[in-house]
Structures are given as structure tokens and as C-alpha cells.
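Engineer: The opening position of the sequence shown corresponds to residue 1 in full-length UniProt numbering, with each subsequent residue numbered one higher. Heads up, the beta-carbon is just placed ideally off N, CA and C, and yes, glycines get one too. Model, not experiment: these values are computed from the prediction.
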Amino acid sequence: MTTTAAAALTAQLESYGVEYVFGTCGHTNIALLDALGRSSIEFVIARHEQAAAHAADGYARASGKPGVVLLHVGPGMMNAVTGVATAALDSVPLIAIAGDIPSYYHGRHPHQEVNLHNDADQTAIYRPFVKRAWHVQRVEDLPRFTERAFTTAVSGRPGAVLLDVPMDLFSRPQTAESYPMPGELTRPDLPEGTAERIADALVAAERPLIYVGGGLSAGPGREALTALVEHLDIPVAHSLMAKGSLPDDHPLVMGMPGFWGLEETNRYAREADVVLAIATRFAETDASSWNDRYTWSFPPTRLIQIDIDPAELGRNFPVEIGAVADAALAMRRIAAAALRRPEASRPALRESITAARGALFAGSAERGRSDDFPLRPERILLDLRETLPADTVLVTDVGWNKNGVAQAYPLPVEGRFITPGGASTMGFGPAAALGVQIAWPDRPVVALIGDGGMSAQLPALPMAVERGLPVLFVVMNNQAHGTIADLQAANFGAGYGCEFTDADGNPYSPDFAALGQACGADGYRIEEPGDLRKALHAALANRRPAVLDVPMVNEPVPTPGHWNIKDIYAGIFE
Numbered sequence: 001m002t003t004t005a006a007a008a009l010t011a012q013l014e015s016y017g018v019e020y021v022f023g024t025c026g027h028t029n030i031a032l033l034d035a036l037g038r039s040s041i042e043f044v045i046a047r048h049e050q051a052a053a054h055a056a057d058g059y060a061r062a063s064g065k066p067g068v069v070l071l072h073v074g075p076g077m078m079n080a081v082t083g084v085a086t087a088a089l090d091s092v093p094l095i096a097i098a099g100d101i102p103s104y105y106h107g108r109h110p111h112q113e114v115n116l117h118n119d120a121d122q123t124a125i126y127r128p129f130v131k132r133a134w135h136v137q138r139v140e141d142l143p144r145f146t147e148r149a150f151t152t153a154v155s156g157r158p159g160a161v162l163l164d165v166p167m168d169l170f171s172r173p174q175t176a177e178s179y180p181m182p183g184e185l186t187r188p189d190l191p192e193g194t195a196e197r198i199a200d201a202l203v204a205a206e207r208p209l210i211y212v213g214g215g216l217s218a219g220p221g222r223e224a225l226t227a228l229v230e231h232l233d234i235p236v237a238h239s240l241m242a243k244g245s246l247p248d249d250h251p252l253v254m255g256m257p258g259f260w261g262l263e264e265t266n267r268y269a270r271e272a273d274v275v276l277a278i279a280t281r282f283a284e285t286d287a288s289s290w291n292d293r294y295t296w297s298f299p300p301t302r303l304i305q306i307d308i309d310p311a312e313l314g315r316n317f318p319v320e321i322g323a324v325a326d327a328a329l330a331m332r333r334i335a336a337a338a339l340r341r342p343e344a345s346r347p348a349l350r351e352s353i354t355a356a357r358g359a360l361f362a363g364s365a366e367r368g369r370s371d372d373f374p375l376r377p378e379r380i381l382l383d384l385r386e387t388l389p390a391d392t393v394l395v396t397d398v399g400w401n402k403n404g405v406a407q408a409y410p411l412p413v414e415g416r417f418i419t420p421g422g423a424s425t426m427g428f429g430p431a432a433a434l435g436v437q438i439a440w441p442d443r444p445v446v447a448l449i450g451d452g453g454m455s456a457q458l459p460a461l462p463m464a465v466e467r468g469l470p471v472l473f474v475v476m477n478n479q480a481h482g483t484i485a486d487l488q489a490a491n492f493g494a495g496y497g498c499e500f501t502d503a504d505g506n507p508y509s510p511d512f513a514a515l516g517q518a519c520g521a522d523g524y525r526i527e528e529p530g531d532l533r534k535a536l537h538a539a540l541a542n543r544r545p546a547v548l549d550v551p552m553v554n555e556p557v558p559t560p561g562h563w564n565i566k567d568i569y570a571g572i573f574e
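#1: According to DSSP, is P75 part of a helix, a strand, or is it coil?
#2: Could you pull out every residue in the same chain whose Cβ sits closer than 7 angstroms to the Cβ of T226, ignoring the five residues on either side in sequence?
#3: Drop a sphere of 10 angstroms on the beta-carbon of P128, count the other beta-carbons inside from all chains shown, and report buried for 16 or more, exposed for fewer.
#4: Should the region 456 to 476 be regarded as contacting the region 419 to 431, the criterion being three or more beta carbon pairs within less than 8 angstroms?
#5: Is T354 helix, strand or coil by DSSP?
#6: Between the alpha carbons of D567 and F573, how many angstroms are there, rounded?
#7: To which residues does DSSP link V81 through a beta bridge?
#8: Can you give me the Cβ contacts of D168 inside the same chain, cut-off strictly under 8 angstroms, excluding the 5 residues immediately before and after it?
#9: Within the chosen definition, does the region 235 to 243 reach the region 277 to 289 through at least 3 CB pairs nearer than 8 angstroms?
#10: So who's on the other strand from D511, going by DSSP bridges?
#11: Only counting runs of 4 or more residues, tell me where the alpha helix (DSSP H) segments fall wholly within the region 435 to 466, in order along the chain.
#12: Which runs of the alpha helix (DSSP H) at least 4 residues long sit entirely within the UniProt domain "Thiamine pyrophosphate enzyme central" (196 to 333)? Give them in chain order.
#13: In the DSSP output, which residue or residues are listed as bridge partners for G99?
#14: Among G74, L142, F500, which residue has its Cα nearest to the Cα of I125?
#15: In chain order, what residues of the same chain lie with their CB nearer than 6 angstroms to the CB of H54, ignoring the 5 residues before and after it?
#16: When we look at the beta-carbon of D502 and count the other beta-carbons within 10 Å, is it buried (16 or more) or exposed?
#17: Please state if the CB of G258 and the CB of G561 are separated by a distance shorter than 8 angstroms.
#18: CB A52 to CB F170, shorter than 8 angstroms?
#19: Hey, out of Y524, N506, P507, whose CA is closest to A513's CA?
#20: Out of L360, D397, P444, state which residue places its alpha-carbon closest to the alpha-carbon of G415.
#21: Rounding to the nearest angstrom, what Cα-Cα distance links V136 and A149 in this structure?
#22: Which value, in whole angstroms, describes the spacing of the CA atoms of T146 and T86?
#23: Ends of the alpha helix (DSSP H) at D522?
#24: For I526 and P374, I'd like the C-alpha separation in whole angstroms.
#25: Could you check the C-alpha separation between L548 and G493 for me, to the nearest Å?
#26: Count the other CB atoms, across all protein chains shown, that sit within 10 Å of the CB of M463; report buried if there are 16 or more and exposed otherwise.
#27: Is DSSP giving R416 helix, strand or coil here?
#28: Have a look at the DSSP bridge pairing and note the partners of Y20.
#29: Would you report the Cα separation of A359 and P510, rounded to the nearest angstrom?
Printed below as a string of C-alpha cells:
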């Protein structure tokens, strides 16, 4: 049967289990939108392409399915660059489908073509960060390229891909034939012999450490991690993205290393004799800018590194045993090998970890008891922790909302922490929370964001109202890009260009609660210390989109570790 390519592509998306497509309309993609409108797939309209990409990203992180974002030519797909790159750098499977100029007008500068000084096409914009970009030149290739896009996005190290389709191809006739994805996609396992050698190295070590990254997803892999560390009494450090891999109150969890890490954690990491690093890229902040005086010291520490991406093995530190393997499968192999060996016990180490972590959480909670107004950031975190249901999903942005939660917020076992790790994108939280809520409609979802992040993604507010998504937008409002203002003031004496002021130079902020109400959401303006808990209770009970505008004093996140950017400001270059 002959149909249009747009209808055939829609049927193919349905056969792949796609339930939602996020995006914006444009003259290059409305033929596909028309086909989607007659299908079982819901199109989630965004008012800006970055919001659409972040929402698709959030949906993918929560659902475990690839996100799909539909874009328009030129400015449309360029607006989405930040959102697609954020997903790419965090290894989130995302398929960007972009309409393009008519295939027969290439290079003539038709309306909105991206081609000025060089003969190129718009796929070149995405190539530095997507796993693969396909520019469809024949309608006959669209089904095959679509299958390749989905398979590439979810296989190996997951990531973002681009499927670029000239607008005329959507309307061309095409034979309706199925083009299924592979029936089974296996992932590389860890060889038995390698697992045995790793288990032997951990058993023989005097100061072993396991460093876990965000690539170890929830499920059997984390269960195996728990069994391994408890059997051999091995402490665990985690990256920003891996918060929650083990419960925050577990006596072997040391927290993050590096810039935001405790001295106890950094010292142990520096003095460890064997480190098993699994599904982590040793990000600069977690590695103290890779300076061996502060966190990691390879050698003499022996590094065993496991990652699905061979490019990560040895990227930043020399590796003694490197294995390309799925993190969960590898962890299960290592745990099984370790459990065949005698148990180990390090009660003194457990006591020192418990003391250090306990002091961290207790100190933060104590500062959070303050009735100062505007609220101290740790008061906001404490009110959230003591008010929100245990299964709440916290979707953060950058600044205190991300760093404070990662460092000093005891995440409940049932909870989830979602944040932009690789790109640290301001504006991720508001829109990503919408995708998370679509994937998990029955869970409380809180977009914990700064006033800068909320300002960057105001389109998320009408989007939440249109979809009836009961996301709570908690705006930590310090009338500044606070983290950078603090950094600038500490190094240069003022926060010029980082603080929001009106025409007369007075501190300024929009009334975000009123903005929420103008969009049809509930709005809560916090005006005294006790208001936040009351507003949280009311918003949770109403189960409607709500904006909580929380005035907050600007104070820096505690940073006990090292980051080279501070040396650079002082003129020290290493």
C-alpha cells in the first residue's frame, strides 16, 4: 500500500512504542504533525525548542525509553541545540527529528536555510555532540535511517541522534513497509576471568574504594553493588549523577569526591590503593581538576575502570585493568565473584564515614533551622526534605539547587534526583520536570531551580498548564545568578553583571508567583519563614501546576575541595 512518507514514519514510530513526541511546529514539519494527529502518539507542544528538548530528555530519564523531539528548520533546530546537547553529554537516548529546506533547493538560500559562507547543511551544527546525524536525501531511505537513529540512540553508550528530513520528503509517496528495530539488543558483559581478577584485587587491597558514576542505573546493577560493598566492607564514592546509587545514610557511602567533597572523602580517595571506577568519566569537578594533590592519585593508586564507552577508559588517568562492559552486568559479575570469597570487616572506617557524613547532614540541618528572611538556602532544603513525600522526584538546575542537594540533602531511598551533569545547563530543570511528570504521572515532581533558571525557561509554565502537569516549580530567588555572583565577588570583589537590578540599580526580580498565576497555575509568594512549608502542603494537596517564589539570601555553597578555575582567577596556571 502506498501512503505518504509522513504517515509511514508515524506508523514506524508507533511500532517502536513511541507514545509522546515533544516539539514545536514549523512549515517544514507540519506534514508530519498532521500524520501524528491521526495516530496514537501525543504531540506535546512547547513554546520554545529548548523547552521541548529538555522535556523529552526528562521523559527519557524517567521512563527509560528514548525521548523524541520534533523541530523546524534553521532557527528551530538551532534553538534546541542546548537541550539536545544536554541529553547527549549525560548519555540520555534522544532522537531529534528536524524538518529541513526542500531537497531540490539546497544551496540556493531558500527561506531559513543554514548555509551562508560554506557549503554545508544544518546537520553540521549537531555533529559535534550527537552520536550520528542522518540527512535524508531519498524518501526510500527514511525508514532505514529512522531505524538506525533509534538503534544508535539506545545501544552502547546511549545518546542523542539527529534525523534531518527535507520537508518535501514528508509529502512524497512511500510504500508502507515495516522496518523493525533489532529484536534483541545485547550489551557487553564482563568476562568471568576479568571479574575474578577484579574481585581478587579488591579482596587484597588494604584501602579499596568503589567510585560509581551515573551510568550504573537502578535495578540489578545497584543491588549487586550493595551486595559487593557490604560483603567486602568497601566504601563508595559517587559522582554527581550517581547520587542515590546507595542510600545517603548507608554507612559505607562517602558522598561526592572533588570540589564539593568532604576532606574525609578526598583524603581516602587520594590514599586508596585500589579504585574500582564504574560508569564514570572522572569529571573535572569530581576529580579536583585532575590534580593528584587533592583527590585521585593514579599511580600509586591502581585504577580498575569499567565503561560501556571505550573512549572513557584511560581518558584522564592510567588504567591497570580496563573493561568495556555494561555497568550493571559487570557489577553483577564482580559481586558474584566477590561473594565466593571471605567477608571483610572495617568497623573503624564505617565509624569515621558515619561521623563525617553525620556531621555534614547535621550541620546543614542546623543552619536550616534559621528563621532569617530571606531564607537561607539550607532552610529551603530542610523544609523540602521534611515536607515532601519520600518518593518525590527532585529535578534541579544549576547552583544551590543542584550542588546543595547533591552535597547535603539526604535523599530518601524512594526518591530520585535528576540533574544536568555533563553540561550543567541553566534552564534544564523547569522543562525537564514536565517530561518527568509525563513519564511518572502519579509521583510528586519538584523543579527545584534558581530565579535565573526559571527566567531561562518561562515557556515551561504554560506548557505545564496545558498538559495539566502538577509540577511544583520551587524558585530559590536570590535576584542573581547567585553561584557566579559569589564566585566573582570572592575573586574580584564585586558581582558585576551577575546580579539583577532595575533601572535605578535596586535588586530586582519578577514576581514568579504572579507569572505562574498569569499562566493559569497556582502561585505562592513566600513572605515569611513559615510560609514555605504551608505552601508546599497546599500545592501537594491541590495537585496542580504551582510556582513557589522563595526569597533566598545569596550565600555560597560549601566547597571544601579544589577546582582549578579559582587558581586561574588568581593567575596560577597548572
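Structural biologist: Reading from the atomic positions:
#1: helix
#2: L246
#3: exposed
#4: yes
#5: helix
#6: 7 angstroms
#7: Answer is none; V81 lacks a bridge partner.
#8: P102, S103, Y104
#9: yes
#10: Its beta-bridge partners do not exist; DSSP assigns none.
#11: 451 to 456
#12: 220 to 232, 263 to 271
#13: V165
#14: G74
#15: G83, F428, A431, A432
#16: exposed
#17: yes
#18: no
#19: Y524
#20: P444
#21: 12 angstroms
#22: 22 angstroms
#23: Where D522 is concerned, there is no enclosing alpha helix (DSSP H), although the beta strand (DSSP E) it sits in stretches over 522 to 525.
#24: 9 angstroms
#25: 32 angstroms
#26: buried
#27: strand
#28: E42
#29: 37 angstroms
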